[in-house]
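The working numbering puts the first residue of the sequence shown at 120, with every later residue one more than the last. Heads up, the thing below is written out as structure tokens.
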Amino acid sequence: MVFFGVFELIALSGGLSKCKFLYYELSTLRANFQNANSYTINLKNDRILKVAAWPLDTIHSKSNGQIIGLLMSNVSGFKDIHKLYSPKSRLSEFPNAGWPFLLHTAANLARAFSVVHEYGHVIGDVNHGNVVVSDKATVMLIDCDSFQIEDRGQKLLCEVGVSTHQPPEFQNIKSFRGITRTQNHDNFGLAVLIFQLLFMGRHPFSGSFLGTGEMPLEKAIQEFRFAYGISAKLKQMKQPPNTLSLSNLTPKLASLFEQAFSPEGIKVNNRPKPQEWVNALDEQSKELKKCSNNNTHMYLKSVHTCPWCEIESKTGIILFNFAELNLESKKGFNISIVWNQITQIQSPGQAPKLPNMKNYSAEPDPRIKRSSIKHKLRLAIIFIIILSIIIAGIIQFGIAGVFWGIAISIIIVTVSVYSQSEYSSIKSEVNNSFSLIQKRLRNLEEKWKLEAGEIEFCKKMDELSKVKQDYQNLHSQREKKMRQLNQDRHKHQLEKFLDGFDLDRASIEGIGPGRKATLQSYGIQTALDIEKQAIMKIQGFGPVYTGKLLRWKQSIEKKFTFNPNQPIDPLLILKIDNEIKLEKFKLEKLLLSGPNELKIINYKVMNKRQFLLAEYEQCLEEYAQVEANINALL
């Protein structure tokens, strides 16, 4: 149920737990307003009041007794959920929130939906503007006067909805008037909100469209184009760059997103129910591990590398507040002592000289020796036969006999050569063996130079020397960063000013909720993020929409005034200190592991020498054998 008009929120002076919600309604809606809210108040109970800012009582006019407003629970101390899932606002609004906090909030959100559904009600207008969160991850649903209420056969409909969080079956309708919502419809919006919490504000249907033409967010929802799902490629979608993937979730949690955003979800009660989300999110929370490089990063145990480190390094965006960073320097770390330990590790030295092949000899293979003797004997016999033929020819025919003798000799030699197949085969075999053994020797000699010497050891020492130098320069590095920070005061003041204007709350012609969600999926959340090149890369944002966004940003920039007396933002100083602290932690870790790494290299080199030397000596023996065989064939 929803009533259009003007309202005023007034906190009661008697305490912070309640407030007045005064309406200035159109007269034509007055009767419905009174009946609906009286009915809603009668359905309140302790369980609903814990998860929703449910109307507590009605406020009546003194003159005629008509309802003019509601007495509501005061949700002071709670903040809009988008301030939590958006990385930029999270750093300031929820400074201690890591990924476990987001998972816990998502589970509490599902619990809140579960309570509302348990009493047969439907939220209807699910969107990020109707959910608030405390710094304890407690979730409250607000704007409860727009819920679809049902009790004892009576039903009050919810006749509004934000397209970005409405299911595919509602993307084509012009009005929600007269439409009965179901809890399965709510479950789609719940899945979107949970996705946004876990995926840094990204919308599940906002990605790169690989087809032709534009793909507005609403159309992508209608056509089930889940940009992060297993069917994304089939749907011609690709998730935005530098974003978390479903592989960083447990199989159960990932499958719930697939189920919620698939065509099968349209079937009655086929989308994951709130309790299913609670179970899967609690399971994910138990399967997290801490990043070894940044203790603000928590991710799935089965994942090999930290996804948050990768995203932060590629985008330069801090996802989780560095104020949470608490890296302690290694206990008792002393650079002089550690470096002394490193230099005490002796180098394996240059590779020793390899044995001289002249010191190796062998007897020819008997088979080859026999073949060589037979070959030489055959040549001698042929020579005698040829000589005899020529002499006989001269005696018999004179000079003409010489030519006849030579012709007959050529025939004999040809026949003899073709009959020596065994010898030719052995000779070819020996020559091939000689080529192979020479190649093996060259390869082993090259490996000996590279692996049996101190090349790897010296390389590691050079790396450690560089690490030591970087460690000793940390103080000067911080001073350099602080000088640059002071020089950039105007820039940082302007950036902070622009960063305070959320795109989500801006009124820009043609830039509705769908386009805003698309921009947010590409990390464009405030006026600060609006850059021409970044906007033009997003499909559907050509020169016209880009120009509108730039003009909005320029209108805000004109309001900025630089204050030279304003001190540097403490968060920027803290960021530098934590960058230095993190770098110090990494360098200490590298230096402390140095002695052991050098010992391992030394051990590997010594082992390699034994292995290569044995192989080389065996190769020399084989070389001597092949050389003896060749000499036997000469």
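Every residue gets a Cβ at the ideal spot worked out from N, C-alpha and C, and that includes glycine.
Using the Cα positions of residue i and residue j, report the straight-line distance between them to the nearest angstrom.
{"i": "residue 723", "j": "residue 743", "result": "30 Å"}
{"i": "residue 314", "j": "residue 694", "result": "28 Å"}
{"i": "residue 451", "j": "residue 710", "result": "13 Å"}
{"i": "residue 246", "j": "residue 200", "result": "10 Å"}
{"i": "residue 265", "j": "residue 184", "result": "23 Å"}
{"i": "residue 590", "j": "residue 696", "result": "14 Å"}
{"i": "residue 616", "j": "residue 601", "result": "21 Å"}
{"i": "residue 735", "j": "residue 503", "result": "47 Å"}
{"i": "residue 747", "j": "residue 501", "result": "27 Å"}
{"i": "residue 333", "j": "residue 356", "result": "12 Å"}
{"i": "residue 219", "j": "residue 404", "result": "6 Å"}
{"i": "residue 667", "j": "residue 661", "result": "10 Å"}
{"i": "residue 141", "j": "residue 186", "result": "Because residue 141 carries a pLDDT of 49, less than 50, the predicted location of this residue cannot be relied on, and the following value inherits that uncertainty. Their backbone Cα atoms lie some 9 Å apart in a straight line."}
{"i": "residue 462", "j": "residue 567", "result": "25 Å"}
{"i": "residue 674", "j": "residue 636", "result": "22 Å"}
{"i": "residue 438", "j": "residue 583", "result": "31 Å"}
{"i": "residue 575", "j": "residue 426", "result": "31 Å"}
{"i": "residue 741", "j": "residue 456", "result": "51 Å"}
{"i": "residue 550", "j": "residue 493", "result": "19 Å"}
Taking the alpha carbon of residue i as the reference point, which residue from the options has its own alpha carbon closest?
{"i": "residue 642", "options": "585, 322, 703", "result": "322"}
{"i": "residue 375", "options": "389, 253, 363", "result": "389"}
{"i": "residue 243", "options": "200, 273, 251, 304", "result": "304"}
{"i": "residue 262", "options": "701, 220, 250", "result": "250"}
{"i": "residue 85", "options": "339, 331, 214", "result": "No statement about residue 85 is possible, as the shown extent of the chain runs from 120 to 753 and does not include it."}
{"i": "residue 365", "options": "383, 418, 335, 409", "result": "418"}
{"i": "residue 238", "options": "283, 594, 165", "result": "165"}
{"i": "residue 459", "options": "647, 566, 580", "result": "580"}
{"i": "residue 596", "options": "700, 349, 208", "result": "700"}
{"i": "residue 630", "options": "399, 654, 347", "result": "654"}
{"i": "residue 644", "options": "182, 174, 176, 208", "result": "208"}
{"i": "residue 682", "options": "604, 612, 737", "result": "612"}
{"i": "residue 235", "options": "475, 260, 212", "result": "260"}
{"i": "residue 189", "options": "198, 197, 177, 396", "result": "177"}
{"i": "residue 86", "options": "306, 179, 551, 168", "result": "This structure leaves residue 86 out entirely; the chain is present only between 120 and 753."}
{"i": "residue 634", "options": "198, 281, 163", "result": "281"}
{"i": "residue 548", "options": "230, 752, 272", "result": "752"}
{"i": "residue 215", "options": "358, 227, 342, 415", "result": "415"}
{"i": "residue 370", "options": "422, 545, 275", "result": "422"}
{"i": "residue 658", "options": "335, 618, 402", "result": "335"}
{"i": "residue 733", "options": "651, 496, 571, 698", "result": "571"}
{"i": "residue 721", "options": "578, 677, 606", "result": "578"}
Note down, in chain order, each residue of its chain lying with its Cβ closer than 6 Å to the Cβ of residue i, except the 5 sequence neighbours on either side.
{"i": "residue 192", "result": "172"}
{"i": "residue 394", "result": "233"}
{"i": "residue 310", "result": "379"}
{"i": "residue 354", "result": "344"}
{"i": "residue 330", "result": "355"}
{"i": "residue 480", "result": "743"}
{"i": "residue 430", "result": "361"}
{"i": "residue 400", "result": "222, 225, 226"}
Report all residues from its chain with a CB closer than 7 Å to the CB of residue i; omit the five preceding and five following residues, and keep chain order.
{"i": "residue 553", "result": "745, 749"}
{"i": "residue 705", "result": "412"}
{"i": "residue 433", "result": "361"}
{"i": "residue 240", "result": "266, 267, 268, 269"}
Shorter than 7 Å from the beta carbon of residue i to some beta carbon of chain D?
{"i": "residue 496", "result": "The question asks about chain D, but that chain is absent: this structure has only one protein chain."}
Which residue or residues does DSSP assign as beta-bridge partners of residue i?
{"i": "residue 383", "result": "Its beta-bridge partners do not exist; DSSP assigns none."}
{"i": "residue 259", "result": "251"}
{"i": "residue 270", "result": "273"}
{"i": "residue 198", "result": "252"}
{"i": "residue 672", "result": "Its beta-bridge partners do not exist; DSSP assigns none."}
{"i": "residue 645", "result": "621"}
{"i": "residue 171", "result": "260"}
{"i": "residue 241", "result": "267"}
{"i": "residue 357", "result": "327"}
Excluding the 5 residues flanking residue i on each side, which residues of the same chain have their C-beta closer than 8 Å to its C-beta?
{"i": "residue 639", "result": "205, 320, 321, 322, 325, 622, 623"}
{"i": "residue 671", "result": "625, 627, 646, 649"}
{"i": "residue 408", "result": "417, 418, 419, 420"}
{"i": "residue 292", "result": "298"}
{"i": "residue 121", "result": "Because the pLDDT at residue 121 is just 40, under 50, the model does not fix this residue reliably, and the value given afterwards should be weighed accordingly. These residues qualify, in order along the chain: 244, 264, 265, 277, 278, 279."}
{"i": "residue 614", "result": "647"}
{"i": "residue 197", "result": "251, 252, 253, 257, 259"}
Would the beta-carbon of residue i be found less than 6 Å away from any heavy atom of the ligand COA?
{"i": "residue 516", "result": "With respect to small molecules bound, the structure shown includes none, and the ligand COA cannot be examined in it."}
Query - Contiguous beta strand (DSSP E) assignments of at least 3 residues, all confined to the segment 273–306 - result: 273–275
_Restricting to runs no shorter than 4 residues, where is the alpha helix (DSSP H) found entirely within the segment 559–617?_
574–591, 593–606
Can you list the beta strand (DSSP E) stretches of 3 or more residues lying completely in the segment 399–448, in chain order?
-> 407–409, 417–419
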